[in-house]
């Protein structure tokens, strides 16, 4: 037994992310780790990789207690972690990236200098192991994503690891490149290296691994050999719970088209996207991370420019979009990254909630603010969102929990009276109770005449809320399902198998 | 990328070299005396102090930091070495002593920056004033005239090369060696690119920050001595605004203020030579001297603008690459 | 964490402590405030010393402030003098105009004010000023140098280092130079005028580049002696620094009469130097202020005629030259 | 023990600076002769006003997460423009008050223009604020000296140079100007849309942009306001010294940044108040004046001010919980 985890727990503040995980890993074994977003996969791998320590429980490596206090400590013990976001320095060469911390040196009149010859030889050797034949003196910024991924692996191999953790290694790779990566993984397995492979792409997981472990809500719900799984069972175990009355019903009275998008293209991000949204309709967008969903709504809202195509808003062709215009038109956009793009963390609740709708509370040439009115309106909306807080004008939003923070962002947008609300992963990292309240708010909004465009990686959520679900892959729309056609496995398969359109 | 875009990109990348050539040719055409061997040696000697200062600054800028205190370090070092030599301490004793003072300043800067986490700008702005105040206090704002022996070092020659150029070459070679051929040097680039990533990769970030500010302080001290050996006196304005010139030289040489990009050879050297050539050329063609700062300021402004545009376009290119 | 807070405390303590050391009890008797714009050159240092010693001789207390070239700060410093209730003020202003409001402030507070070495603008209020006759002294110095040039029997190219043009003295010296050199147009041609803004680095670069552009310069006049080191450094690099009598000797003159000028004269590198009589100026200024404090009347302007010291009168005039009476640092 | 004392002294209360200020005032009033006099109180006030006005402009820029090092050159440029207009070219304009109004307008315009250049370079061209304002500082102080050839303008109209000693409704004119600037700055920041937008841009420009804040124009306006403030301060300086000088204000940068930092405005943007800056400027001026009265040299004061600013920066970080 190479690696053993016993009853590992991890909490952030009051939130328990891992609720006692126990499993083990043998030499030369590949373990597929799957689960929904927020199930605790990354947290568990970060524990192994030495990013932070567990709150409780024990880890053993080769029978010895394993408690790394930094990524470097983990690496020196033989655990390498290949993050989804690569840890490379694009301004340095491949070889320098490989040896950033342990350059081979030679003494030169008592001065220790980098031994460029040895580096070249060693770097070529390492690159050879991952099947790269390029010049190690090339700068990393000149490489495309696939070779970068391989360089990162080569870097990990340089430390002679016993275990390698892969976090979504194929998201930025083409089919051909991914295939090459799999060959490499198999080669490494033959050398006796154990691997943990995290991916949303269940096809890949089934092709590659020996065993599958499924995480759900911080618990290991099932771990078994590969042969006892197929995609359907995996999905079922991942989603697990029955969502009884989780999604409140809604009066159906879908109206005219509000937004029509045709052949929208932004080079490098999205291509020929065509869809529409009707009044009082909720349209969901599903797909893998990097499928272009977020990019598409950013273009729609006016944060990024598009190259061709047309957007028609309430029958009028729009040639210019930017956030200011969008808000005037009645479009609101709740972004995925709450901290970086949704909140002013060092400001109070009032200032955060009123920001987008400030125009409503001002008058006169100098745009004087009617503080009283602003406060009353904010209070009203914050009350409607059932946010738990102590003081509107003195409490900083950073002191609120994730769910309550999200409700404040939502309140901010509701204050602008939006006709179309764009939601990008609105329930990411939020507890169940808050999720349900947010669903309720969305339904309310729609019943009062607005439309919603919602991006989510949780299929259950989309199926429960939406009137239509559109699937995107590689910047294109690949499928569209009406409510009557909703079937979990079909949609998942379309998204995960990267199948072509069933439109 | 179209051919036109490529050409623009190329021009952006080599803007300083292009500008340098333009400056040389322009002055060469305006005055036959500009491109003579004598004048070129002159430019080299005059630029030696600034270049050394800018080399130290390059290290700091590479880590995305800044050091505004170098001009004041120069001044304090000048005053103290002047005082020491005047009261009769042999020069060979005074020199190592003042180099240590340069290092001490670097240490103080580094301490406040990485231990107490105050932004480099405020820390070095404070030490800028503390240093200048200290220097003025010690010198009682008097100009200190140095003995002959100091000037002799300045005008002496080694292997047929004037001393300032010898020292310049030495610092240049060592600086270039450290940055390009040692583990420390490469890690400086890593820290400048992304401090969090560097920490994750196990690069000793604190040690590197400390070292770059030490190097910067040391270079300021050396630069001060080189300037003194040419001037023969320390006036209260000695080193004033040199920090800006050093930053400008490094940035002109392609060192990015955002860290992680740039080099000493040829970058910073060309940047410093460019500034010095402009100043020298303006004197040679006998332009109204009041216009010097205006012209120098305009050139620096343009280059900073180009740097930002370059940075913007690189960011855009990177984004496209990583998403799909 | 703990370390940092303790460090903070210690640092603040040091700040407070150092703040207390400057405290000085007020003495009885007459007190005057002395404000200098700068102490940059030997000349100002010697002047300050002379004023202080004259005060001490007369039993006057004094407070000193230096503003390092900042007119605004000097204004604030004089206001502080007035707050402290000084009986008189002696001041070296930055220039002729920024002194005007300072004089007005002193007038409003009815405190006599004496201006040292730089003449205020005409419309300034009640004051007494002592100045050297910059124009005449420079003119005489340049005339002496011109005679030397004529005597050498060949033509000369000349360079002048000009001071800060915001300084009225620098302008008088420049004008004195221009008018003095006019008489020698046949033998001396001015090819280079270097603005130094009273800055040694600028002077060094300027002289070096000028020598590059005109290698045959053989006549140099500097508007102040404190620029000597820069000039000598540049001359040495161009291999043009030789004593009098050497065939490549550069006719060399300056203004102020500082210790370096004296030693250069003795070593026979310097031909002539215009001397301001520091002792005369300082003593008469302090006396004037004293009599004003006691209610007497003095003229608005005291002129120091100064003199030219050169190789021929070196021995007889050296005793009057302030630079000769100070030790060379 | 020591730690808890330190906590109490440097604690999280934003009023710390006020307490320190008041305490310092009383200590100085007791121990420093000449400090607690009417004449000196006026001194304090008149030294405070121009600095405070520049610092208020700087507060605006820092609230937007920028920095303006060029304020010194703006003071210089506007001073010579003002001096030039007042003394020469507008001599034909009668009566004198019209001439003065015209000249002051020209000064404000110059300040706003330099601010505009800074703002556009930062907001539109994406240049780092530090580098932009550093170069504009060099450029414009060079230009000021070039335009005037280091000569001051003088012989300004009597009514202009007497301005510092004139009163309106029993309030000295400079004080009135100061009060008006503080009042406007306070009103703008606390009661208008712009006052809400600026800190949000400084704290998180992404969030602000998505929430419909006009980020670029907000930033540009902060620099314009800063330029105008520097111009107003320049009016006071010019009137006080009765000269339009190209080196006016060359030495005030430390005091300006010091006032803002000591007040507690964050260097990272988004957090700051006009009243904090007032306190900071009062403290700097008091420090300066008292040390001066103690007979300390200009240079020692410089050193102490540098140390005090470091201390203040550390206190701010402590307050923001960065330790």
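Chains as they are written, first to last, in our numbering: chain F, 16 to 518; chain S, 11 to 334; chain V, 2 to 330; chain C, -14 to 308. Virtual Cβ for every residue (Gly too), placed ideally from N, Cα, C.
What does residue i reach in chain V if we use C-beta pairs closer than 8 angstroms?
i, result
"residue 278/C", "81, 84 and 85"
"residue 243/C", "By Cβ distance, chain V contributes nothing, its closest Cβ being about 13 angstroms from residue 243/C, past 8 angstroms."
"residue 294/S", "210, 213 and 214"
Measure the beta-carbon distance from residue i to residue j and round it to whole angstroms, keeping in mind my assumption that it falls under 8 angstroms.
i, j, result
"residue 62/V", "residue 31/V", "7 angstroms"
"residue 440/F", "residue 465/F", "In fact, because the Cβ distance is near 19 angstroms, the residues do not count as touching under 8 angstroms."
"residue 268/V", "residue 230/V", "No, residue 268/V and residue 230/V are not in contact; Cβ-Cβ is about 14 angstroms, not under 8 angstroms."
"residue 474/F", "residue 507/F", "6 angstroms"
"residue 40/V", "residue 67/V", "6 angstroms"
"residue 257/V", "residue 226/V", "4 angstroms"
"residue 263/S", "residue 280/S", "5 angstroms"
Identify, in the order they occur along the chain, each residue of the same chain with its Cβ nearer than 6 angstroms to the Cβ of residue i, setting aside the five sequence neighbours on each side.
i, result
"residue 199/V", "164 and 165"
"residue 151/V", "188"
"residue 234/S", "84, 87 and 88"
"residue 357/F", "350 and 424"
"residue 122/S", "128 and 133"
"residue 18/C", "none"
"residue 275/S", "186"
"residue 321/V", "none"
"residue 275/V", "138, 139, 142, 256 and 309"
Please compile the residues from chain V whose C-beta is within a distance smaller than 9 angstroms of the C-beta of residue i.
i, result
"residue 283/C", "66, 67, 68, 69, 71, 74 and 78"
Using the beta-carbon of each residue, which ones in chain C are nearer than 9 angstroms to residue i?
i, result
"residue 125/S", "By Cβ distance, chain C contributes nothing, its closest Cβ being about 10 angstroms from residue 125/S, past 9 angstroms."
Got a sec? Which residues, its chain only, sit under 8 angstroms from residue i by beta carbon, not counting five neighbours each side?
i, result
"residue 125/C", "55, 58, 59, 61, 62 and 99"
"residue 235/C", "57, 61 and 126"
Given residue i, which residues of its chain have a CB within under 7 angstroms of its CB, disregarding the five upstream and five downstream residues?
i, result
"residue 110/F", "134, 135, 138, 151 and 152"
"residue 35/C", "218, 221 and 222"
"residue 500/F", "none"
"residue 235/V", "205, 208, 209 and 212"
"residue 309/F", "351, 439 and 470"
Give the interface partners of residue i over in chain C, defined as CB-CB distance under 7 angstroms, in chain order.
i, result
"residue 121/V", "Residues of chain C passing the Cβ test: none, with the nearest at roughly 11 angstroms."
In chain F, which residues lie with their C-beta within 9 angstroms of the C-beta of residue i?
i, result
"residue 192/S", "118, 120, 126, 127, 128 and 129"
Give me the chain F residues within the contact set of residue i, using Cβ-Cβ distance strictly less than 7 angstroms, ordered along the chain.
i, result
"residue 75/S", "What residue 75/S touches in chain F: nothing, since even the nearest Cβ is about 16 angstroms away."
"residue 215/S", "The contacting residues do not exist; residue 215/S stays about 12 angstroms from chain F at best."
Using a C-beta to C-beta distance shorter than 8 angstroms, which residues of chain F count as neighbours of residue i?
i, result
"residue 203/S", "104, 105, 106 and 107"
"residue 196/S", "107, 111, 115, 118 and 129"
If the cut is a Cβ gap below 8 angstroms, which residues of chain C does residue i touch?
i, result
"residue 281/S", "Ordered by position in chain C, no residue passes the 8 angstroms Cβ test against residue 281/S, which lies about 14 angstroms from the chain."
Check your understanding: Counting Cβ pairs, one atom from each stretch, are 3 or more of them under 8 angstroms apart for the segment 178 to 195 of chain F and the segment 479 to 488 of chain F?
Key -> no
Practice item. Determine contact between the segment 48 to 68 of chain F and the segment 18 to 28 of chain F, defined as no fewer than three beta-carbon pairs at a distance below 8 angstroms. Key: yes
Exercise for review: Check distances from the C-beta atoms of the segment 190 to 202 of chain C to those of chain F and list, in chain order, the residues that come in under 8 angstroms.
Suggested key: 191, 192, 193, 194, 195, 196, 197, 198 and 199
Point to revise | Members of the segment 180 to 206 of chain V near chain S, C-beta cut-off 7 angstroms | key: 196, 200, 201, 202, 205 and 206
Point to revise | Residues within the segment 28 to 44 of chain V neighbouring chain S, beta-carbon criterion of under 7 angstroms | key: 39, 40, 41 and 42
Exercise for review: Pair every Cβ in the segment 454 to 469 of chain F with every Cβ in the segment 492 to 511 of chain F, then say whether three or more of these pairs are closer than 8 angstroms.
Suggested key: no
Practice item. Examine the Cβ distances between the segment 30 to 47 of chain S and the segment 241 to 248 of chain S and report whether three or more of them are shorter than 8 angstroms. Key: no
Exercise for review: Quick one: which residues of the segment 337 to 350 of chain F get their C-beta closer than 7 angstroms to a C-beta of chain C? List them in chain order.
Suggested key: 338, 339, 342, 348 and 350
Exercise for review: Taking a Cβ distance cut-off of 8 angstroms, strictly less, list which residues of the segment 479 to 497 of chain F are near chain C, in chain order.
Suggested key: none
Point to revise | Three-pair Cβ contact test at 8 angstroms for the segment 264 to 271 of chain F versus the segment 60 to 76 of chain F | key: no
Exercise for review: Report the residues of the segment 21 to 38 of chain C with a CB closer than 7 angstroms to any CB of chain D, ordered along the chain.
Suggested key: Chain labels in this structure do not include chain D; the protein chains are F, S, V and C.
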